[in-house]
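Chemist: One structure, pasted below without further comment.
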Amino acid sequence: MMTTHKPEIKKLHALNSESEVFTFNLPLKNIVKVGKHEYTIELREDEKYGTYVLWKNRRYPVEIVRTKQNKYEILFNDISYTFTIETPFSLQRKKVLKSSQGRNDRLIIRAPMPGKIVEVPVREGSEIKSGEPVIILEAMKMQNEILSSATGTIMKIGVKPGQNVMKDDVLAEVTIK
Amino acid sequence: MKKVTITKILIANRGEIAIRIMRTAKLMGIASVCIRTDAEPGAMYLDFADEIYDLSGEAPDIPVFLDVERLITIALKTGCDSLHPGYGFLAENAYFAQKCYENKIAFIGPSPDAIYKMGNKTVARQIALSNGIPMAMGSPGNISNEEEALKQAERIGYPVIIKAASGGGGRGMRIVRQPGEMEKMFLLASREAEKAFNDPSVFIEKYIENPKHIEFQILGDQYGNVVHLGERECSVQRKHQKLLEEAPSSALDSELREKMGSMAVIIAKAVNYYSAGTVEFLLDSDHNFYFMEMNTRIQVEHPVTEIITGIDLIEQQILIARGEAMAIRQEDVKLNGWAIECRINAEDVQAGFAPAPGKIEKLSFPEGENIRVETGVRPGSAIVASFDSMIAKLIVSGENRMDAIHNTKKALDKVWIKGTKTTLPFFRMLMRNQLFQSGDFTTAFIENDLDQFHSSSEYEETIAAWLAVKLFTEESLSDSVSSVDYEQGKEMNPWLLNKRINRF
Chain A
1112 MMTTHKPEIK KLHALNSESE VFTFNLPLKN IVKVGKHEYT IELREDEKYG
1162 TYVLWKNRRY PVEIVRTKQN KYEILFNDIS YTFTIETPFS LQRKKVLKSS
1212 QGRNDRLIIR APMPGKIVEV PVREGSEIKS GEPVIILEAM KMQNEILSSA
1262 TGTIMKIGVK PGQNVMKDDV LAEVTIK
Chain B
-14 MKKVTITKIL IANRGEIAIR IMRTAKLMGI ASVCIRTDAE PGAMYLDFAD
36 EIYDLSGEAP DIPVFLDVER LITIALKTGC DSLHPGYGFL AENAYFAQKC
86 YENKIAFIGP SPDAIYKMGN KTVARQIALS NGIPMAMGSP GNISNEEEAL
136 KQAERIGYPV IIKAASGGGG RGMRIVRQPG EMEKMFLLAS REAEKAFNDP
186 SVFIEKYIEN PKHIEFQILG DQYGNVVHLG ERECSVQRKH QKLLEEAPSS
236 ALDSELREKM GSMAVIIAKA VNYYSAGTVE FLLDSDHNFY FMEMNTRIQV
286 EHPVTEIITG IDLIEQQILI ARGEAMAIRQ EDVKLNGWAI ECRINAEDVQ
336 AGFAPAPGKI EKLSFPEGEN IRVETGVRPG SAIVASFDSM IAKLIVSGEN
386 RMDAIHNTKK ALDKVWIKGT KTTLPFFRML MRNQLFQSGD FTTAFIENDL
436 DQFHSSSEYE ETIAAWLAVK LFTEESLSDS VSSVDYEQGK EMNPWLLNKR
486 INRF
């Protein structure tokens, strides 16, 4: 008889709303680890209290507010927590997806401080390499080279020599190669 | 003849306050009649009544507790010689009190005249003014130019606030802290008022910065005797909703208490007030106080006063309504210890105190000498949107403030409520908050001084994560259970999902 083997899952990750990851080894033990500390916890249920966690000899109420696919809202000690549960595989896929979404094909270069534009050493349409200066900005009587953090083409230059800029004003846009 | 007999009270209310009133009535040998409504036919308060008037099965246009004629009819039909309005609903309705009086039903509360006068803010302000009660000063009318504004501000004292006469919602308001700012602020306020309300008229009022909300409990009889029972501190509030009250207040010493208390007595006497009432003041950081309003009813937070004075306010209300002369003199009133009341509501503190209706599944409270719990719900009770969100009032006392905070902290950890989100996490955090512990907080506390309305440790979050993983392994990794989308399950109450966790 043929048996199909599911890949064995050795770990599960719980991601909170800030994408902090809590990892648990499988099979799941009644142990919760924070830093160097390890606690034994127990999930129990009785008529008077309903479901609760026994932790350090105290009962804490537990409720499930809602579950949807791999998303869980848990009420523990009357405080709500929402987690999405990921396998190592789905977590990896999520990371890849996120980084590809996060990768922008456009770089916007902004003024890191208020000051005066002294020089624009590039032209719209010219090629630029990562680490090369795009703008020279004078601030606090110092000339600062504002560098491109990507290699590509200068799409747009928003300032002229002699012009005063505020912090976060757009200086230039680069199309990333 | 002011004496009347009170042998049977119609409770024109529901929930915890109905139970609270019936508890004292029973001790006094007085029978109580409650009304069963269609909204909550199995409500807990009905269990405490000697007689129930059944209106379940009826879907009235207005709730019976707001229906003057209906309540009078019920009182007469059931042979009640008296009626207690509780708080909310018709408790501060002068017409209702008048109707009771006309039908020879003793209204357990103040006279219709006192309710009317204190309910009308303009009338109340005039009464306070003519009796020398400190109030936030204001310009006599609208102000047309900057010179006049300066003159008024000089008289009132800085800081002042310029307000749009036709204003509201914060627009057209400017705070002026010194004369040098007046010209600019006056113009700004006036222009803003014109733009927003099509009317540039403005007036000036004293600006009371971050005040404390301090209220005095007063008791008066029908013979002109009035005493005050000390103050309650109600500064922990959100959008004018009180969340926690304590008695006494750490902001008052005996001298200030005497001063404010005697003002509260003066204003009560000015309207021939009898029964229990509350005079509200704002107290600024320099200990100046200003009359705000008077509430002509028993308040939600009355238990903290009862605990530190040992006086049963409902009993006093009944005795006074019976026409008895009050036995309590001002010198008899002694404040002992400290009491804190936490309003445990069905609210989601993590969602800005949004109402969180639900069905109470489990409910238990700690017991002890220094713990008093007032509740009108039990397991199976629904917290419905049509009534308030209160689950219980947890009132804890101690020898002094720190002791009361310590005891409250311990008691809060033993409150067990399942079925809905509650304000418990807020109070647990509050008891550990330094500013709260210092007592130096103001009505701006929740809005300005707190980043979060709950606190959670890394341990707690890790345990919650463990629970989510546990649930996932049960549901998704096991072959026997397929993943279910509960949110799609139409009538499914998510709280019933509790049952699923039993499989662990």
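Going down the list, the protein sequences come from chains A and B. 1112 is the number of the first residue of the first sequence in the numbering used here; add one for each residue after it. -14 is the number of the first residue of the second sequence in the numbering used here; add one for each residue after it. Ideal placement from N, C-alpha and C gives every residue a C-beta, glycine not left out. Just so we're clear, the structure is a prediction, and the values are computed from it rather than from any experiment.
If you draw a straight line from the alpha carbon of L420(B) to that of K1206(A), how long is it in whole angstroms?
Modeler: Indexing the second sequence from 1 puts residue 420(B) at position 435. Indexing the first sequence from 1 puts residue 1206(A) at position 95. Distance between the alpha carbons of L420(B) and K1206(A) is about 42 angstroms.
Chemist: Taking C-beta to C-beta, are P342(B) and A324(B) nearer than 8 angstroms?
Modeler: Working through the second sequence from its first residue, we reach residue 342(B) at position 357. Working through the second sequence from its first residue, we reach residue 324(B) at position 339. Contact flag unset, no.
Chemist: If the cut is a Cβ gap below 7 angstroms, which residues of chain A does T447(B) touch?
Modeler: The residue given as residue 447(B) occupies position 462 in the second sequence. Ordered by position in chain A, the residues that pass the 7 angstroms Cβ test against T447(B) are F1133, V1143, V1145.
Chemist: Any beta carbon from chain A within less than 8 angstroms of W323(B)'s own beta carbon?
Modeler: Taking the first residue of the second sequence as 1, we reach residue 323(B) at position 338. With 8 angstroms as the cut-off, W323(B) does not count as an interface residue toward chain A.
Chemist: Comparing C-alpha positions only, which one of I313(B), D66(B), F171(B), P351(B) sits nearest to A138(B)?
Modeler: Indexing the second sequence from 1 puts residue 138(B) at position 153. Cα-wise, what sits closest to A138(B) is F171(B).
Chemist: State whether the stretch 1230 to 1241 of chain A contacts the stretch 1157 to 1168 of chain A, with contact taken as three or more CB pairs (one from each stretch) at a distance under 8 angstroms.
Modeler: Segments in contact, no.
Chemist: Helix or strand or just coil, what does DSSP make of E200(B)?
Modeler: The residue labelled residue 200(B) in the question sits at position 215 within the second sequence. If DSSP states are grouped into helix, strand and coil, E200(B) belongs with the strands.
Chemist: Who pairs with R1221(A) in a beta bridge, going by DSSP?
Modeler: Position 110 of the first sequence, counted from the start, is the residue given in the question as residue 1221(A). Answer is V1281(A), bridged to R1221(A).
Chemist: To which residues of the same chain is L75(B) closer than 8 angstroms at the C-beta, ignoring the five residues directly before and after it?
Modeler: Looking up residue 75(B) in the second sequence gives position 90. Excluding positions up to five away in sequence, the list reads A(-3), F50, L51, V53, L56, F81.
Chemist: Considering only C-alpha positions, which residue in the set E460(B), M167(B), I329(B) is nearest to V400(B)?
Modeler: On the second sequence, residue 400(B) is found 415 positions in, with the first residue counted as 1. Of the residues E460(B), M167(B), I329(B), the one whose Cα lies closest to the Cα of V400(B) is I329(B).
Chemist: Just to confirm my understanding: we take N195(B), look at its own chain, exclude 5 residues before and 5 after, and list those with CB closer than 6 angstroms. What are they?
Modeler: By 1-based counting over the second sequence, the position of residue 195(B) is 210. If we look at N195(B) and ignore the five residues flanking it on each side, its Cβ neighbours are T427, A429.
Chemist: Near G154(B), which residues of its chain fall below 6 angstroms by C-beta distance, leaving aside the five closest residues on each side in sequence?
Modeler: Here the question's residue 154(B) lines up with position 169 in the second sequence. Confidence in G154(B) is poor, its pLDDT being 48 and thus under 50, which makes the residue's placement too unreliable to answer from.
Chemist: Taking just the CA atoms, how far does I37(B) sit from F372(B)?
Modeler: Mapped onto the second sequence, residue 372(B) falls at position 387. Mapped onto the second sequence, residue 37(B) falls at position 52. About 20 angstroms.
Chemist: Kindly say whether G154(B), judged by its beta-carbon, lies nearer than 8 angstroms to any beta-carbon of chain A.
Modeler: Translated into positions along the second sequence, residue 154(B) becomes position 169. Since pLDDT at G154(B) reaches only 48, below the 50 mark, its modelled position is unreliable, and the value read off the structure follows with that caveat. No, its Cβ sits nowhere closer than 8 angstroms to a Cβ of chain A.
Chemist: Taking only beta carbons into account, state which residues of the stretch 394 to 407 of chain B come closer than 7 angstroms to chain A, listed in chain order.
Modeler: W401, K403, K406, T407
Chemist: How would you call E432(B), buried or exposed, if buried means at least 16 neighbouring beta carbons within 10 angstroms?
Modeler: Your numbering for residue 432(B) matches position 447 in the second sequence. The residue in question, E432(B), is exposed, as its Cβ has fewer than 16 Cβ neighbours within 10 Å.
Chemist: Determine whether the beta carbon atoms of L379(B) and V362(B) lie at a separation below 8 angstroms.
Modeler: Walking along the second sequence from the start, residue 379(B) turns up at place 394. Walking along the second sequence from the start, residue 362(B) turns up at place 377. In this structure, V362(B) does not lie closer than 8 angstroms to L379(B) by Cβ.
Chemist: Cutting at 8 angstroms between CB atoms, please list the residues of its own chain near D184(B), excluding the five before and the five after it.
Modeler: Taking the second sequence and counting its residues from 1, the one referred to as residue 184(B) is at position 199. Here the set comprises A149, A150, S151, A178.
Chemist: Would you kindly work out how many angstroms separate the C-alpha atoms of R282(B) and W451(B), rounded to a whole number?
Modeler: Position 297 of the second sequence, counted from the first residue, corresponds to residue 282(B). Position 466 of the second sequence, counted from the first residue, corresponds to residue 451(B). Each residue's alpha carbon lies about 49 angstroms from the other.
Chemist: Just verifying my parser: in three-state terms, what is the DSSP assignment at E285(B)?
Modeler: What you label residue 285(B) is simply residue 300 of the second sequence in a count that begins at 1. Inspection of the sequence shows that residue 285(B) is occupied by Val rather than by Glu. Reduced to three states, the DSSP call for V285(B) is coil.
Chemist: Which residue from A261(B), S115(B), A28(B) puts its Cα closest to that of E300(B)?
Modeler: In the second sequence, counting from the first residue as 1, residue 300(B) sits at position 315. Nearest C-alpha to E300(B): A261(B).
Chemist: Quick check: the stretch 1148 to 1157 of chain A against the stretch 1127 to 1135 of chain A, are at least 3 beta-carbon pairs closer than 8 angstroms?
Modeler: no
Chemist: Decide if R21(B) is buried, meaning its Cβ has at least 16 other Cβ atoms within 10 Å, or exposed.
Modeler: Start at 1 with the first residue of the second sequence, and residue 21(B) comes out as number 36. By the neighbour-count rule (16 or more Cβ atoms within 10 Å), R21(B) is buried.
Chemist: Given a cut-off of 8 angstroms, decide if P1272(A) and I1219(A) are closer than it, judged by their beta-carbon atoms.
Modeler: In the first sequence, the residue the question calls residue 1219(A) occupies position 108. In the first sequence, the residue the question calls residue 1272(A) occupies position 161. I1219(A) is not a Cβ neighbour of P1272(A), given a cutoff of 8 angstroms.
Chemist: Using the C-alpha atoms, what's the distance from L68(B) back to I292(B)?
Modeler: Position 307 of the second sequence, counting from 1, holds the residue named residue 292(B). Position 83 of the second sequence, counting from 1, holds the residue named residue 68(B). The alpha-carbon atoms of I292(B) and L68(B) are separated by roughly 25 angstroms.
Chemist: With respect to the alpha helix (DSSP H) encompassing D398(B), which residues constitute its N-terminal and C-terminal limits?
Modeler: Reading the second sequence from its first residue, position 413 is the one you call residue 398(B). Where D398(B) is concerned, the enclosing alpha helix (DSSP H) stretches over 386 to 398.
Chemist: Taking just the CA atoms, how far does A389(B) sit from F381(B)?
Modeler: One-based indexing of the second sequence puts residue 381(B) at position 396. One-based indexing of the second sequence puts residue 389(B) at position 404. The sequence given here has Val at residue 381(B), not Phe. In a straight line, the C-alpha of V381(B) is about 6 angstroms away from that of A389(B).
Chemist: Using the Cα positions of D1216(A) and T1195(A), report the straight-line distance between them to the nearest angstrom.
Modeler: Counted from its first residue, the first sequence places residue 1216(A) at position 105. Counted from its first residue, the first sequence places residue 1195(A) at position 84. Their backbone Cα atoms lie some 29 angstroms apart in a straight line.
Chemist: Are the C-beta of H439(B) and some C-beta of chain A separated by less than 8 angstroms?
Modeler: The residue labelled residue 439(B) in the question sits at position 454 within the second sequence. True, the Cβ-Cβ gap to chain A drops below 8 angstroms.
Chemist: With a cut-off of 8 angstroms on the beta carbons, I'd call Y192(B) and I146(B) a contact; round off their distance for me.
Modeler: Within the second sequence, numbered from 1, the residue matching residue 192(B) stands at position 207. Within the second sequence, numbered from 1, the residue matching residue 146(B) stands at position 161. Right, the Cβ-Cβ distance comes to about 4 angstroms (below 8 angstroms), so this counts as a contact.
Chemist: Whose C-alpha, out of A1283(A), T1134(A), K1140(A), is nearest the C-alpha of V1231(A)?
Modeler: Indexing the first sequence from 1 puts residue 1231(A) at position 120. The shortest Cα separation from V1231(A) among A1283(A), T1134(A), K1140(A) belongs to A1283(A).
Chemist: Kindly examine the ligand FAD and report whether one of its heavy atoms sits closer than 7 angstroms to the Cβ of L1258(A).
Modeler: By its list of ligands, the structure shown contains no ligand whatsoever, and the ligand FAD lies outside what it can speak to.
Chemist: Would you kindly check if the distance between the Cβ of V1281(A) and the Cβ of T1264(A) is under 8 angstroms?
Modeler: Here the question's residue 1264(A) lines up with position 153 in the first sequence. Here the question's residue 1281(A) lines up with position 170 in the first sequence. No. Outside cutoff.
Chemist: So, I199(B) versus V212(B), is the Cβ gap smaller than 8 angstroms?
Modeler: For the purposes of this step, residue 199(B) is identified with residue 214 of the second sequence, where counting begins at 1. For the purposes of this step, residue 212(B) is identified with residue 227 of the second sequence, where counting begins at 1. Going by C-beta atoms, I199(B) is not nearer than 8 angstroms to V212(B).
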